[in-house]
Amino acid sequence: MLDSIVYVTMGFIGVAMVGTFWRLIKGPTIVDRVIAMDKLFVYSIGLILCLGMAEHTSLYYEAALLIATLGFISTTAMCKYLLRGDIIE
Amino acid sequence: MNIAWIIVLPLLGVIAPLLANPTRRNQVAWITAVLPFAALLITLYHAPAILAGEVVQQTWYWIPQIGLTLSFRMDGLALLFTLLILGIGLLIILYARYYLSSKDPMGRFYSYLILFMAAMLGIVNSGNLLQMWAFWELTSISSFLLIGFWSSTGKARKGARMALTITGAGGLALLAGILLIGKVVGSLELEAVLNSGRLLVEHQWYPVILALVLIGAFTKSAQFPFHFWLPHAMSAPTPVSAYLHSATMVKAGIFLLARMFPVLSGHDAWFVTVSLVGLATLLLGAYTALFKHDLKGLLAYSTISHLGLITLLLGMGTELAAVAALFHIVNHAVFKASLFMGVGIIDHETGTRDMRQINGLFKYMPHTAVLCIVAALSMAGVPLLNGFLSKEMFFAETLEQSAIGALSWLIPLLATIAGALSVAYSLRFIHDVFFNGEPKGLKKTPHEPPRYMRIPVEVLVALCILVGIFPALLVGDLLKSAGVAVLGGTLPYIPLYIWHGFNLPLLMSALALAGGIGIYARRKVLFQFQSHFKEVDANERFDAWLYQVITFIRRIEALIDKRSLQYYLAWLSVALLILLAAPLLNLSLVGDNVVITPLTAEVWAGTALIAIAALATVVNNRRRLFAALLISIVGLGVSLAFARFSAPDLALTQISVEVITTILLLLALFFLPQTTPKESKPGRLLRDIGLAGIFGGIMATLTYAMLTRPIETISDYFLANSKTGGGGTNVVNVILVDFRGFDTFGEITVLGIAALGIYKLTAGMRLFLPATNEDGLPWSRDKYPLILKQVSQSILPLALLISAYIFLRGHNLPGGGFIAGLITAIAIVQQYIGHGNDWIQKRFYANYVGFIAAGLSIALLTGLGSWLWQKPFLTSWFDYFTWPVFGKFELASAMLFDLGVYLTVVGAAMLILAKLGQLTVVEPYSEKED
Amino acid sequence: MEYFIAALLILAALFFLLSGVAIVRFKDSYSRLHAPTPASTLGMGALLLAAMLWQGSEDTLSIKAFLVMAVLFVTSPISAYMLAKTALHLRLPLAGGRQLPEIYEQARNRRNDSSKAQEKSDQSV
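Residue numbers (this note's numbering), protein chains in the order written: chain P, 72 to 160; chain X, 371 to 1300; chain A, 19 to 143.
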């Protein structure tokens, strides 16, 4: 039962991703796009965790952890760029 | 003793003088001399066997399939040259000790000199033509360094550049010639080439090969019309001139002619070209030498003339002529080296080399004067000296030859004239310098040089006399074995004695002597005549010519190179398309019986997302930030795809690289102009879309073809052997650090070099920041938001923990040094973003260059470590241990190698990112606004 | 237990869907930031809890899942904060084009006093 629920969850996340991706393309402001990117990173973590559950392995946790950290760093770098221009000053 | 040591010892000796204490000049000289002396001893050890006719060889195979070997070969010819190079080289070392002033960097001078010596030894002892060529080019480069040693003077720099240009260009021609020889003979090994008989001469490419090889030899040996570089090389320190223009550099060209004599001569083209060029050089050099007021200029042109004489002898084609050429090589080296050294002493003691100022020096330095006079008489070819013997042989041979058909009678006549000229300029040297009144306008009173400075000259002059009186005893065997090497088995009887009876050559000598004295006595008339000609400054002509060449090439470059990356990319793509067209047309698409993974909905959706994001990137390429954002989404999608298809390693790497790229893009984007450039014209757009479309199509086709092909991959081998062979269960990592460790080592080296390159290129670069963003909005005033600061800081230990974890488990589970390095770098970059440069620099002194150095050294030492156990480079080792508390664990040398990878990656990434972040100097907005 | 995990998973799925819908449907950047951030964070929380329990039931309770959760819970508010700051800095209007001049000015002039103090202490280091 659980396996099929995991797939359902993945489907839901997929739908959310498609919507977010639409927002990324649509905009209209650059902040919207960065928000969408940030969320896409989060959804990817969700997907990867589900994948790990579906395949009954714990190998994907590092990837999830890494994406979480790196997504944060990407987002802040983008914000810093918009706020200050020079991200390392 | 292996003959390779004869080359290797001097090569090692390049660093020896630099290790010595530069203030202890004697010590520097002694240390320099030790290794060449050892090489000389080894040569002497082998000499008896070689004189008896043996050929000593030593070959190491590198890639024998394509003819790449490291091979050394010493026969009689090589022995003769080796003795000259080492013998005169050692004397030069002693001489230079006293010649150089205390201001000159002596260690560096000796270092260049020894490098040059090693290169020369490499040329004469190479058993492989390609290897010989490499040493040949090394002589060009090291002679450049030597000629330009006093680089503060423009003359030295120009002379050095000219020598390098001419000999370097000749070297390229020679390379082409050698490659053609290799093509014809089927091997580049000297042994095979020398044994190929008349194959080369009868081949249809013979004229091309001959022309290319001769250009190489003539440029090196300063033969007409390439002779003009040699006088300008006289701006070198005199020990260098004494070495380069007597025994070595210019003799390399002669050596090449002698070496190739067995396989390239024996055709009219050879006889005519070589003899005519030699004759022209002989006359031109001798004539010009007469008018030079500069002592070294006189010697330079006399060198050109004597080289012409040797070339002429080699071009005459008779066997005895070739032997005479060899004999004259030795004689010329001996008397010319001593003359140059004598001139150096005179220059040293009087402060000038102008013969109009230096007169009557016999009174002041009688000892040196006697030495110089003997050497000059030998140059003039006066009996009882060595120069006489080879000149006599030369005269005799001019009577025997028929190189230029019916006009051959001209050669003895011209030879006699050249002999007379040679007597005249020798006389001028003797009479002007040592007699002829008193010195004029000298700054100091000349006196004898230090005792030891004269010793090299004394040794050489003694050789002049001894060889002149006992030729057969001293050089007979050497000449015989060298002659065998040049001529092959049959050797004529060599008449090595002083008195041949009254014959035609003796008459020619007498005529030359009388004529020379006559010319010198009537020199005023000649000088008068010569003064009607405008003196041509080869330097100016050369510069003008060089300028023309450069402008021409610039014009071509301007046609091809539009300084636009898009343009380069377009050309590259077109070129690739052309190259790929033929194989692509022959490609059958789908292999048989391949089970294709069924497409599922999520794969479709994911692929579509990636594709749309990629397309959107292209469409939005002018909106930079958006494009960067889309690229990072593409990367995310790809890494998800890797995860989906069970490649967690790749997923980890991809996502890390992606984020680093995004940060890099953001850093770089900011420095580009913020305004949008104008859109491309429709035609160009269409062209680009077409190119990109075709390319994408090809890549897709290739991928499809590859994926649907039932190829037996090598991955099975790796899967089967990774645990047993490399001690790890993570095949990807084992491949990286073990099976293909050498590739990885190369890659991290490239990474380190690239980072250093960026570091150096941006050094000193200062960029100004705009005060507002592109919409005219001023920047936010909050430089480092507090929350961001704190959280960035708390992310650091976590990220370091992740990277340590991923590093440690890398050998068995997804991870490894590369990913770990990237994660560490990103975590540190986040500190830069959150806190700024100053904050970091106060807390953490990070020498990223040091990181790279440490990483590469660790990787290299790990690789070299396997030599201790007599295993090849980078053989890995692993074993399992049991510790009381932790239980069983594994130690592998690959882990250490991986640490090297890790450090290099961290260092390189940080060096680039931190450096780019430090480029700005001006505050983005002025503080006045507060 | 199995039902509990199932419930968590469904909850997570719903949260994710909610956040996805929010990001598509809402009218201005502020609400598009406001709605999905907590929703997706909660969704991740539920999902990770499910994952921990699941792995736990398979006898390898993973601390890594907990780490992921910790990282996300700490970082996603900060991301949201930075994004909101950026939106205000860029003077993005509310839905319907309404501007917030005072807030923009406030946001612009706000400089962290503590950060200033820290800069000072940095200089004294």
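Here a beta-carbon is modelled for each residue, glycine too, at the ideal position from N, C-alpha and C. Quick caveat, the model's predicted, so the values are computed rather than measured.
One or two residues paired with residue i in a DSSP bridge
| i | result |
| --- | --- |
| residue 1290 of chain X | X/1137 |
| residue 438 of chain X | X/433 |
| residue 428 of chain X | X/442 |
| residue 498 of chain X | X/559 |
| residue 474 of chain X | Note: residue 474 of chain X sits in no beta bridge, so no partner. |
| residue 664 of chain X | X/724 |
Per-residue burial, residue i [other beta carbons within 10 Å of its own, 16 or more giving buried]
| i | result |
| --- | --- |
| residue 1282 of chain X | buried |
| residue 555 of chain X | buried |
| residue 1003 of chain X | buried |
| residue 149 of chain P | buried |
| residue 767 of chain X | buried |
| residue 662 of chain X | buried |
| residue 1296 of chain X | Caution is warranted here: a pLDDT of 43 is assigned to residue 1296 of chain X, below 50, making its placement in the model unreliable, and the coordinate value is therefore given only provisionally. Exposed, by the Cβ-count rule. |
| residue 127 of chain P | exposed |
| residue 1267 of chain X | buried |
| residue 373 of chain X | buried |
| residue 1143 of chain X | buried |
| residue 988 of chain X | exposed |
| residue 482 of chain X | buried |
| residue 107 of chain A | buried |
| residue 744 of chain X | buried |
| residue 336 of chain X | What the structure shows of chain X is the stretch from 371 to 1300, and residue 336 of chain X is not part of that stretch, so it cannot be assessed. |
| residue 336 of chain X | Here chain X has residues from 371 to 1300 only, and residue 336 of chain X is not among them. |
| residue 813 of chain X | exposed |
| residue 75 of chain P | exposed |
| residue 610 of chain X | buried |
C-beta contact flag for residue i and residue j at 8 Å
| i | j | result |
| --- | --- | --- |
| residue 1154 of chain X | residue 1225 of chain X | no |
| residue 104 of chain A | residue 154 of chain P | yes |
| residue 750 of chain X | residue 708 of chain X | no |
| residue 588 of chain X | residue 538 of chain X | no |
| residue 493 of chain X | residue 449 of chain X | no |
| residue 552 of chain X | residue 437 of chain X | yes |
| residue 614 of chain X | residue 679 of chain X | no |
| residue 533 of chain X | residue 513 of chain X | yes |
| residue 648 of chain X | residue 672 of chain X | no |
| residue 1000 of chain X | residue 986 of chain X | yes |
| residue 66 of chain A | residue 120 of chain P | yes |
| residue 461 of chain X | residue 826 of chain X | yes |
| residue 30 of chain A | residue 91 of chain P | no |
| residue 523 of chain X | residue 605 of chain X | yes |
| residue 652 of chain X | residue 746 of chain X | no |
| residue 409 of chain X | residue 379 of chain X | yes |
Q: Could you tell me which uninterrupted alpha helix (DSSP H) segments, each at least 4 residues in length, are contained entirely in the region 562-627 of chain X, listed from first to last along the chain?
A: Those alpha helix (DSSP H) runs which fall completely within the region 562-627 of chain X and span 4+ residues are 569-572, 576-590, 599-602, 608-614.
Q: Just list the beta strand (DSSP E) runs in the region 895-963 of chain X, keeping only unbroken ones of 3 residues or longer that don't cross its boundaries, in chain order.
A: Secondary structure remark: continuous beta strand (DSSP E) runs of at least 3 residues inside the region 895-963 of chain X: none found.
Q. At what residue ranges does the region 1051-1132 of chain X contain a whole run of the beta strand (DSSP E), taking only runs of 3 or more?
A. Here no run is fully enclosed.
(Q) My parser needs the alpha helix (DSSP H) runs of 4 or more residues fully inside the region 1140-1179 of chain X; what are they? (A) Fully contained in the region 1140-1179 of chain X are the following alpha helix (DSSP H) runs of length 4 or more, in chain order: 1156-1178.
(Q) Counting only Cβ-Cβ distances shorter than 7 Å, please list the residues of the region 1000-1015 of chain X near chain P, keeping chain order. (A) When CB distances to chain P are screened at a threshold of 7 Å, the residues of the region 1000-1015 of chain X falling below it are 1002, 1003, 1006, 1010, 1013, 1014, in chain order.
Q: Can you check the region 46-75 of chain A for any alpha helix (DSSP H) of at least 4 residues that lies completely inside it and give the ranges in chain order?
A: Fully enclosed alpha helix (DSSP H) runs of 4 or longer: 47-52, 54-75.
Q.
Counting only Cβ-Cβ distances shorter than 8 Å, please list the residues of the region 26-44 of chain A near chain P, keeping chain order.
A. Answer in chain order: 27, 28, 30, 31, 32, 34, 35, 37, 38, 39, 41, 42.
(Q) Short of 9 Å Cβ to Cβ, which residues in the region 81-99 of chain P face chain X? (A) Interface annotation for the region 81-99 of chain P against chain X: 81, 82, 85, 88, 89, 92, 95, 96, 98, criterion Cβ-Cβ distance under 9 Å.
**Q.** Residues in the region 140-154 of chain P having any Cβ partner in chain X nearer than 9 Å
**A.** Against chain X - using a Cβ distance shorter than 9 Å - the residues of the region 140-154 of chain P are 140, 141, 142, 143, 144, 145, 147, 148, 149, 150, 151, 152, 153, 154.
Q.
What are the residues in the region 111-141 of chain P lying within 7 Å of chain X by C-beta distance?
A. Here the close residues are 111, 112, 115, 118, 119, 122, 130, 131, 133, 134, 136, 137, 138, 140, 141.
Q: Taking a Cβ distance cut-off of 8 Å, strictly less, list which residues of the region 1122-1153 of chain X are near chain P, in chain order.
A: Residues of the region 1122-1153 of chain X with a Cβ closer than 8 Å to any Cβ of chain P, in chain order: 1139, 1140, 1143, 1149, 1150, 1152, 1153.
(Q) Along the region 100-112 of chain A, where does the CB come closer than 8 Å to a CB of chain P? Name the residues. (A) Within the region 100-112 of chain A, the residues whose Cβ lies closer than 8 Å to some Cβ of chain P are 100, 101, 103, 104, 105, 107, 108, 110, listed in chain order.
Q. Going along the chain, which residues of the region 1163-1194 of chain X sit with their C-beta nearer than 8 Å to a C-beta in chain A?
A. Against chain A - using a Cβ distance shorter than 8 Å - the residues of the region 1163-1194 of chain X are 1164, 1165, 1168.
Q. Between the region 1028-1039 of chain X and chain P, which residues of the former have CB atoms less than 7 Å from a CB of the latter, in chain order?
A. For the region 1028-1039 of chain X, which is checked against every Cβ of chain P, the residues closer than 7 Å are 1029, 1032, 1033, 1036, 1037.
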